Amino acid sequence: MMTKASAYVTRPIPVQIFDFLEDYDVEMNSEDRVLTKDELLAKIKDRDAT
Amino acid sequence: MNSEDRVLTKDELLDKMKGRDAVLVISTIIDEEICRSVKAKCKIFACYGVGYNNIDVESATKQGIYVTNTPDVVTDATADLAWTLLLATARRIVECDQFVRAGKKGWNPMNLVGTQVTGKTLGIVGGGRIGQAVARRAQGFRMKVIYTDVQKMPAFEAATGGQFVDKETLFKSADFISVHAPLLPSTRHLIGADEFKLMKKTAILINDARGPIVDEKALVEALRKGQFAGAGLDVFEKEPDLMDGLSELPNVVLSPHVGTSTTETRIEMAAVCARDIIAALSNQIPPNCLNPQAKSNQGIP
Numbered sequence: 000m001m002t003k004a005s006a007y008v009t010r011p012i013p014v015q016i017f018d019f020l021e022d023y024d025v026e027m028n029s030e031d032r033v034l035t036k037d038e039l040l041a042k043i044k045d046r047d048a049t
Numbered sequence: 000m001n002s003e004d005r006v007l008t009k010d011e012l013l014d015k016m017k018g019r020d021a022v023l024v025i026s027t028i029i030d031e032e033i034c035r036s037v038k039a040k041c042k043i044f045a046c047y048g049v050g051y052n053n054i055d056v057e058s059a060t061k062q063g064i065y066v067t068n069t070p071d072v073v074t075d076a077t078a079d080l081a082w083t084l085l086l087a088t089a090r091r092i093v094e095c096d097q098f099v100r101a102g103k104k105g106w107n108p109m110n111l112v113g114t115q116v117t118g119k120t121l122g123i124v125g126g127g128r129i130g131q132a133v134a135r136r137a138q139g140f141r142m143k144v145i146y147t148d149v150q151k152m153p154a155f156e157a158a159t160g161g162q163f164v165d166k167e168t169l170f171k172s173a174d175f176i177s178v179h180a181p182l183l184p185s186t187r188h189l190i191g192a193d194e195f196k197l198m199k200k201t202a203i204l205i206n207d208a209r210g211p212i213v214d215e216k217a218l219v220e221a222l223r224k225g226q227f228a229g230a231g232l233d234v235f236e237k238e239p240d241l242m243d244g245l246s247e248l249p250n251v252v253l254s255p256h257v258g259t260s261t262t263e264t265r266i267e268m269a270a271v272c273a274r275d276i277i278a279a280l281s282n283q284i285p286p287n288c289l290n291p292q293a294k295s296n297q298g299i300p
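These protein sequence lines are chains A and B, in that order. For the first sequence, position 37 matches number 36 in numbering that gives the first Met the number 0, and the numbering has no gaps at all. For the second sequence, position 154 matches number 153 in numbering that gives the first Met the number 0, and the numbering has no gaps at all.
See the structure below:
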């Protein structure tokens, strides 16, 4: 079974993004702040899209 | 000219008006008693504005006193303000201003998100001069315009491309509703709880016409319940007082009855009043006379 491609959204945007990318595994940073560089590197490691 | 920034008491007013040939009236109540007391000399009450519900026109007419207003010169400034309120409410500009001034930092994509204006439906209540001017400006925003009035108005449609609908349809369909009706017994509380129930949850109401056209208590309740999204108001039911709770709502933009407050318009309003006064004192019916029949009552003791 193929795994879904994975995407990360770095800051909150309208939740409709999950519908628009419904065929992908999407995670969104729900915190109202810019991630530190280390946090960002950890989050986007192995992602197909950011 | 009264140099104090306040409305005179009735006694002060009667004292000041005694023996005058003309009175330029600004937000001052002119009732039957005043009309009777000045009738011997006064020829005109020149009202500095388009609304004249502060003047007892019937009594003035009986006493042979002309009443005039300044209808045409206020159109563009008032229409501009309706759009100012519409855009400010839709885009939450007052909240944005407060946010920046407070030095807040959360400048993220979901902060202070507003409502798009372009391409939406604008509903005009009252298709007169100002309603038309507001609707004409909507063309720049590629909006659909609908309007309601006591009857279909071909001049409105020719000028704006707007479509006549009944009040219920307008309140159900419009994304933005802008009020431009005169204050008459028939328009007092023209918009209230029943109309708010019809509105889209995302809709915005604008009123820079007259406060009592909107039931302000019902407005506060509807906004608290989230029956519609917001309001931009330049006029109030009991101005300068506000209905309890109105100023606490974050989704309203409020201005202190400044519809005609541009330097250009204020000067032109003064010029119009002056022309009307000069005409009346030259024994002519003034150009903006609301009661030409007063002439037939002049000179009657």
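Glycine included, every Cβ here is placed at the ideal spot set by N, Cα and C. Since we're looking at a predicted model, the values are computed, not measured.
Round the Cβ separation of residue i and residue j to the nearest angstrom and send it over; I've been treating them as touching at under 8 Å.
i, j, result
"residue 197 (chain B)", "residue 167 (chain B)", "6 Å"
"residue 233 (chain B)", "residue 207 (chain B)", "4 Å"
"residue 76 (chain B)", "residue 258 (chain B)", "7 Å"
"residue 51 (chain B)", "residue 23 (chain B)", "Contact doesn't hold; Cβ gap of about 13 Å is too wide."
"residue 133 (chain B)", "residue 177 (chain B)", "5 Å"
"residue 107 (chain B)", "residue 10 (chain A)", "5 Å"
"residue 44 (chain B)", "residue 119 (chain B)", "That belief does not hold up - the Cβ atoms of residue 44 (chain B) and residue 119 (chain B) are roughly 42 Å apart, past 8 Å."
"residue 144 (chain B)", "residue 125 (chain B)", "13 Å between Cβ atoms; not a contact."
"residue 20 (chain B)", "residue 42 (chain B)", "6 Å"
Got a sec? Which residues, its chain only, sit under 6 Å from residue i by beta carbon, not counting five neighbours each side?
i, result
"residue 116 (chain B)", "89, 140"
"residue 189 (chain B)", "212"
"residue 252 (chain B)", "84, 87, 88, 93, 231"
"residue 53 (chain B)", "28"
"residue 254 (chain B)", "233"
"residue 3 (chain A)", "23, 24"
"residue 272 (chain B)", "23, 45, 47"
"residue 37 (chain B)", "16"
Any beta carbon of chain A sitting closer than 8 Å to that of residue i?
i, result
"residue 109 (chain B)", "yes"
"residue 105 (chain B)", "yes"
Residue range of the alpha helix (DSSP H) that residue i falls in?
i, result
"residue 280 (chain B)", "262–280"
"residue 33 (chain B)", "31–37"
"residue 43 (chain B)", "No alpha helix (DSSP H) contains residue 43 (chain B), which is instead part of the beta strand (DSSP E) from 43–46."
"residue 129 (chain B)", "128–137"
"residue 217 (chain B)", "215–224"
"residue 248 (chain B)", "Counting along the chain, residue 248 (chain B) falls outside any alpha helix (DSSP H), and DSSP gives it neither H nor E."
"residue 192 (chain B)", "192–197"
"residue 12 (chain B)", "9–16"
"residue 230 (chain B)", "Not the alpha helix (DSSP H): residue 230 (chain B) falls in the beta strand (DSSP E), residues 229–232."
"residue 154 (chain B)", "153–159"
For the beta strand (DSSP E) containing residue i, name the first residue and the last one.
i, result
"residue 177 (chain B)", "175–178"
"residue 147 (chain B)", "143–147"
"residue 170 (chain B)", "Where residue 170 (chain B) is concerned, there is no enclosing beta strand (DSSP E), although the alpha helix (DSSP H) it sits in stretches over 166–172."
"residue 205 (chain B)", "203–206"
"residue 120 (chain B)", "120–124"
"residue 22 (chain B)", "21–24"
"residue 67 (chain B)", "65–67"
"residue 59 (chain B)", "Element bounds for residue 59 (chain B): not the beta strand (DSSP E) but the alpha helix (DSSP H), 56–61."
Output yes if chain B places a C-beta closer than 8 Å to the C-beta of residue i; else output no.
i, result
"residue 18 (chain A)", "no"
"residue 12 (chain A)", "yes"
"residue 31 (chain A)", "yes"
Could you name the residues of the same chain whose beta carbon sits closer than 8 Å to that of residue i, not counting the 5 residues immediately before and after it, in chain order?
i, result
"residue 86 (chain B)", "92, 116"
"residue 264 (chain B)", "72, 73, 75, 76"
"residue 151 (chain B)", "163"
"residue 26 (chain A)", "5, 6, 7, 8, 42"
"residue 158 (chain B)", "131, 134, 135"
"residue 201 (chain B)", "114, 174, 227, 228"
For residue i, which residues from the same chain have a beta carbon less than 7 Å from its beta carbon, with the 5 sequence-adjacent residues on both sides left out?
i, result
"residue 297 (chain B)", "63"
"residue 216 (chain B)", "242"
"residue 288 (chain B)", "65, 67"
"residue 286 (chain B)", "274, 275, 278"
"residue 95 (chain B)", "111"
Under 8 Å, Cβ to Cβ, is there at least one residue of chain D near residue i?
i, result
"residue 145 (chain B)", "Absent from the structure: chain D. Protein chains present are A and B."
Practice prompt. Entirely within the region 73–112 of chain B and at least 4 residues each: give me those alpha helix (DSSP H) ranges in chain order.
Written response: As far as the region 73–112 of chain B is concerned, its whole alpha helix (DSSP H) runs of at least 4 residues are 74–89, 92–100.
Discussion item. Extract the residue ranges of the alpha helix (DSSP H) inside the region 0–48 of chain A, only unbroken runs of 4 or more that lie entirely within it.
Written reply: As far as the region 0–48 of chain A is concerned, its whole alpha helix (DSSP H) runs of at least 4 residues are 15–19, 36–43.
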